[in-house]
Amino acid sequence: MFRRLNCLRRTQRFYSFNVPNSVFGRESFVQRHIGPNGSDQKQMLKELGYQSLEDLSEAVIPDSVYLQKTPNLKSSVIIDEQSLATLIKSIASKNQIWRSFIGMGYHNCHTPHVIVRNMLENPGWLTPYTPYQEEIGQGRLESLLNFQTLVVDLTCMDVANASLLDEATSASEALAMTYRHNKRKRWFVADNVHPQTLSVVRTRASALGIEVRSGDPNQVDDFKSYSGVLLQYPDTYGHLSDYGEIVNKAHNDETLVVCATDLLSLTLIKAPGEYGVDIVVGSSQRLGTPLGYGGPHAAFIACKKSLMRLIPGRMVGITRDADEDKAYRLTLQTREQHIRRERATSNICTAQALLANVVAMYAVYHGPVGLRNIAQRVHNCAVLLKTALDEIPGCSTSDGIFFDTLHLKSTISQQKIIEKCKEKLINLRFFEDQSIGISLDETVTAADLNDLLWIFGSEKSINEIISNDEVLEKSVSKTIFKRTSQYLQHSVFNDHQSETKIVRYMKQLENKDVSLVHSMIPLGSCTMKLNATVELLPLSEPGFINIHPFVPPDQVPGYHQILQELEYDLCQLTGYDKISFQPNSGSQGEFAGLCAIMKYHQHRGDEDRKVCLIPTSAHGTNPASAQMAGMDIQLVNVSKDGCIDLQHLKDKVNNYKNQLSCIMITYPSTNGVFEESVMDVCELIHSNGGQVYLDGANMNAQLGLCRPGDIGADVSHLNLHKTFCIPHGGGGPGMGPIVVKSHLAPYLPTHPIIHNDNNLSLGTVSAAPYGSASIIPISWAYIKLMGPQGLRKATQVAILNANYMSKKLSSHYKTLFVGTKCGLVAHEFIIDSREFKKTANIEATDIAKRLIDYGFHAPTMSWPVAGTLMIEPTESESKIELDRFCNALISIREEIRQIENGVADREQNVLKLAPHTLKQICSDEWNRPYSRKLAAYPMGYEQKVWPSVGRIDSKYGDQNVVCSCPLVF
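In the UniProt record's numbering, the protein residues as written are 1 to 969.
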């Protein structure tokens, strides 16, 4: 009775108002975002035995955590789609688009319109998930292999991965590789690397207890105590140095050498691999990706083959399918953190797949000749500018060889130069020693060069300099740094220079993949929901995408309005006090949150508090992040009902109460239930001096119904690419900002360029001050369109959809975990397929592959429990689609019964041989003990998705690793 009265009060509290006609625009968007309509919701609720969404919510959410007030979001103004589009343009117009020649790893570029329209703004490329189901991810995999080939060829290394988050984190990952290789707890970083890179490296090193020395590597007597050395080529001042002697010296001391580089420059200059370096890192941003105030951009990492198994993240390799045809897959997946957990070598989860594909297509579009021409033009402009500047009295540029960046000094005061820059709306790089940096890019024009000359007092125009034929004799091509080795000889980079060909190529790749434009992607803990077109409009606004991340803050009031409003709303929705947008993936958010906890303990004098308790059901990145943060990981058992084993937790707390740093929990749990004891868990940790990290991956079951900050958590990361509608992009981009209680706020990330006055900060975790800033407006727009009631309803329907599916499948599959009191699940649930291994020789993999024949992507497979399938429908899928997917699983269960009953063979059956390709179905020869129709059209002739390859031979791919485009396969 008490719970029922509570439910009534809650219903009155949320819905005791009349909706005026003026909000119909808002309601129409909420209805479009939420899949099941009102009548469908009533029918689904009836089948579950509930009268309303409020009844269901009241049953699922424990009383102790149920939200007691409506979140007070920033704007009470109702915003419909048309109003939002107008507002986006208005806010974008507040940002001032100056010409930025700041450099530091970020450059303006031209993104070919054909790539913008057909890839960057195309839901077929925006909405797929990471290609773990390779048979329906061949398009992205081929494109990512092109990216890897681009990196391998330009750097002259053996292997590369399929992208990392940014240049700075790539450098820290590379140095972590050197530490794993030889276990020496010192890194040397050259003093001419980009400052944001040094800052991120120091943060990573501090967490691992590694000492970082910075200085001139030429002055180091020996490298015997260092695991790795980080160099920059060209360096942050634009200079090129011959690193051959340093590399040899380091190798003689068995020290590995990492080199950060610029891909465009490598079309003209000698590659780092030709100096013998071991690992090469950098950003590919200038190859076709807009600045976006810092991201998202695809970084890269490449290494020698001997280090291949240490490389972090994902790597695409070539293998073969069941018909021995060429196929692609993510290779060496034992490195993935969701498998290795606390033994992971990295916590990289979200990469930058979409942006890596943009870069790959940029290279395919221009080809090796086109890329070289772009680089040559940029370099020629830099040579001309240097010549002109050196002729100005009182102005001198640094001697030495360069590619696109000049470092100069002038007798004109820096303040005077700043004032003249303001007149021309130009940003330069200003050093503390009063020197100045100018970095050019492919967008530079003669007018830009003339304006730069005017700023420094030149009386000549650039045309007068061009008329001197001797100027270009100073080109890098006349020096020892000239590149002589070949690159990008594969046909893919040489056959698509017409628009007709590249459009067809992009469409051919897109058609090989399953995305949200085809069907639901029911991946548990991945939240593949609607990414509304109106929410993506900021990605096309010049006022958001053409901004360098290090411009003065007063040039970007529009961005800061978005950031401030979103910070307020996210804090209101989660019950926290402060946020940092710097982490540019969920894994980075976890790392940052844990580092904030460690700094908090250290500042209080609790240096010994390093134990992190992690339930065995935790997200795979949790133990990996804790390991990276330098914590001692202690696993906590999960009981048979899928909840934390409280007695085992108490035992762990008692054993480590003086060393307890924190616990990492996911709520609702990764097993798909709202644990009744969650507040008791938080209280137990707090009473023993620890902090509570609540993983925000499952916030899609919390918004409007409960808040982590009220539950007792101290810090969470928020997967904006999950709950808050940023598209997955086939494996990235992502955003993982962290929200904290006030006592942890002083320890949030800072940045050496934009805001560096916080002495208590954990340090810097990403290259840009606000991470992948250009996609943050997507989440801002989602909240504006939905409002607090809309967000709450979305959560309720996500829970409704999951419970409806669980109930519909219950006669055929067992739901592994349900709430102990209500018998319901949260927004996702796990079905148990382990028994089929005994009864029919069928595993979760076989069900996943067979689902492809039905036109569906598989649920999350064998995680968090091996041999199971984890399903999350989200609120955006209609009842028709939910039924269609359930019917597919039910039909597959009948196919399993055919095997169990002896009607179908245990080896030669539709599941073991799935998926079925068009090539197989149309073959003259058909020797399988079932019909072609059953193989290809098990549910009738509708919504068919043909896989482009048959079942992947994973073992062959791992035994024969090929991770770049071979000239012959």
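Glycine residues also receive a C-beta, built at the ideal position from the N, C-alpha and C atoms.
Item, Value
"Glycine 215 in three-state terms, based on DSSP", "strand"
"Host alpha helix (DSSP H) of proline 615 (start-end)", "Note, proline 615: premise wrong, no alpha helix (DSSP H); beta strand (DSSP E) at 611-615."
"Bridge partners - serine 439, DSSP secondary structure assignment", "Thr405"
"Residue nearest to glutamate 274 in terms of C-alpha spacing, selected from Met157, Asp216, Gly690, Asp569", "Met157"
"Straight-line gap, isoleucine 952 to glutamine 434 (C-alpha atoms, nearest Å)", "59 Å"
"DSSP three-state assignment for threonine 334, whether helix, strand or coil", "A caution first: threonine 334 carries a pLDDT of 44, below 50, which makes its placement in the model unreliable, though a value can still be read off. Three-state DSSP puts threonine 334 in a helix."
"Alpha carbon of valine 910 to alpha carbon of valine 229, nearest angstrom", "54 Å"
"Straight-line gap, glycine 103 to glutamine 285 (C-alpha atoms, nearest Å)", "12 Å"
"Check whether aspartate 853 and alanine 904 have beta carbons under 8 Å apart", "no"
"Bridge partners - glycine 712, DSSP secondary structure assignment", "DSSP, once it has assigned bridges, lists no residue as partnering glycine 712."
"Beta-carbon contacts of valine 281 that lie in its chain and below 6 Å, excluding the five residues immediately before and after", "Ser170, Ala171, Ala174, Ala260, Ile301"
"Residue environment, tyrosine 226, which counts as buried when at least 16 other CB atoms sit within 10 Å", "buried"
"CA-to-CA distance, proline 929 to isoleucine 880, given in whole angstroms", "32 Å"
"Segment contact, 8 Å Cβ cut-off, at least three pairs: the segment 594-610 with the segment 740-748", "yes"
"At least three beta-carbon pairs within less than 8 Å, the segment 250-268 to the segment 421-429", "no"
"Segment limits, alpha helix (DSSP H) that includes aspartate 832", "Aspartate 832 -> not in any alpha helix (DSSP H); beta strand (DSSP E) instead, spanning 829-832."
"Supposed contact pair threonine 670 and serine 525 - C-beta distance, whole angstroms, cut 8 Å", "6 Å"
"Which listed residue (Ala168, Arg504, Gln148, Ala826) has its alpha carbon closest to that of proline 195", "Ala168"
"Host alpha helix (DSSP H) of cysteine 544 (start-end)", "The sequence given here has phenylalanine at residue 544, not cysteine. Start and end: 542-545."
"Proximity winner among Ser39, Ser779, Asp846, relative to lysine 529 (alpha-carbon distances)", "Ser779"
"Alanine 299 - partner residues in DSSP beta bridges", "Leu164, Ser283"
"Straight-line Cα distance separating proline 393 from glutamate 510", "57 Å"
"At least three beta-carbon pairs within less than 8 Å, the segment 569-588 to the segment 702-710", "yes"
"Top-ranked residue by Cα proximity to methionine 664, from Asp714, His648, Glu676", "Asp714"
"Cα-Cα separation between arginine 26 and asparagine 901, rounded to whole angstroms", "Caution is warranted here: a pLDDT of 45 is assigned to arginine 26, below 50, making its placement in the model unreliable, and the coordinate value is therefore given only provisionally. In a straight line, the C-alpha of arginine 26 is about 54 Å away from that of asparagine 901."
"Exposed unless 16 or more other CB atoms sit within 10 angstroms - verdict on cysteine 682", "buried"
"Coarse secondary structure for histidine 518, derived from DSSP in three states", "coil"
"Separation of aspartate 216 from serine 772, as counted between CA atoms", "32 Å"
"Through-space distance from lysine 420 to aspartate 391, alpha-carbon basis", "According to the sequence shown, residue 391 is glutamate rather than aspartate. Glutamate 391 and lysine 420: Cα-Cα distance of roughly 19 Å."
"Continuous alpha helix (DSSP H) assignments of at least 4 residues falling wholly in the segment 41-120", "53-60, 81-94"
"Which listed residue (Ala351, Thr289, Glu835) has its alpha carbon closest to that of glutamate 442", "Thr289"
"Candidates Leu472, Gly586, Asp632, Lys807: closest to cysteine 662 by CA position", "Asp632"
"CA-to-CA distance, methionine 805 to threonine 868, given in whole angstroms", "16 Å"
"Between the CA atoms of proline 553 and isoleucine 754 - distance to the nearest angstrom", "8 Å"
"Residue closest to lysine 821, alpha-carbon to alpha-carbon, out of Tyr179, Val673, Met315", "Val673"
"Alpha-carbon to alpha-carbon, threonine 723 and glutamine 337", "Since pLDDT at glutamine 337 reaches only 42, below the 50 mark, its modelled position is unreliable, and the value read off the structure follows with that caveat. Near 22 Å, if we compare the C-alpha coordinates of threonine 723 and glutamine 337."
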